[in-house]
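Numbering (my numbering), first residue to last: 137 to 280.
Note that the Cβ used here is the ideal one computed from N, Cα and C, for glycine as well.
Every value quoted in this text rests on a predicted model; they were computed, and no experiment measured them.
First comes the structure, then the notes that go with it.
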């Protein structure tokens, strides 16, 4: 019975459902949910400020996972990596003109995906959910 599931299971199931729904919307555009999330992240940051390690930390993803996603975004000519001017070991993730031109589509689609997923929630419930999830993430003891 789903009402009795642990909160962690419910969060995981919702995350998977969200990604699956996003995948249906993104597939015709040749993007996976992971590629889309990273592309949106880079679009929303100041130009030439995102490093691979920033993406890994923000999304709690491993280096090999992010490397694979970035390689696929490069193959799709949406990003390119450039040497960091102050750290030779680091690369900056840059948007191609193709990705810059898709900015409106990326942001609108992101809003559409979230609206579809949360359509059964009131604005108050959405805010409450966001605040509760943030509270859990900010808990210092969560990783013990």
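Every beta strand (DSSP E) of 3 residues or more that sits fully in the region 196-246 is shown, in chain order, as 215-219, 227-231. In this structure the region 213-227 does not lie against the region 242-250, because fewer than three pairs of beta carbons, one per stretch, are closer than 8 Å.
A Cβ-Cβ separation of about 14 Å leaves residue 235 out of contact with residue 205 under the 8 Å criterion.
In terms of Cα proximity to residue 242, the closest of 188, 203, 179 is 179. Counting along the chain, the unbroken alpha helix (DSSP H) around residue 178 starts and ends at 169-180. With respect to residue 199, residue 171 sits apart: the two C-beta atoms are not nearer than 8 Å. DSSP links residue 187 through a beta bridge to 228. Going by DSSP, residue 158 is part of the alpha helix (DSSP H) stretching over 143-162.
Close CB contacts of residue 232 within its chain, under the 7 Å cut and outside five residues either way in sequence, are with 213, 214, 215, 216 (chain order).
Taking 8 Å as the cut-off, the beta carbon of residue 161 is found no closer than this to the beta carbon of residue 177.
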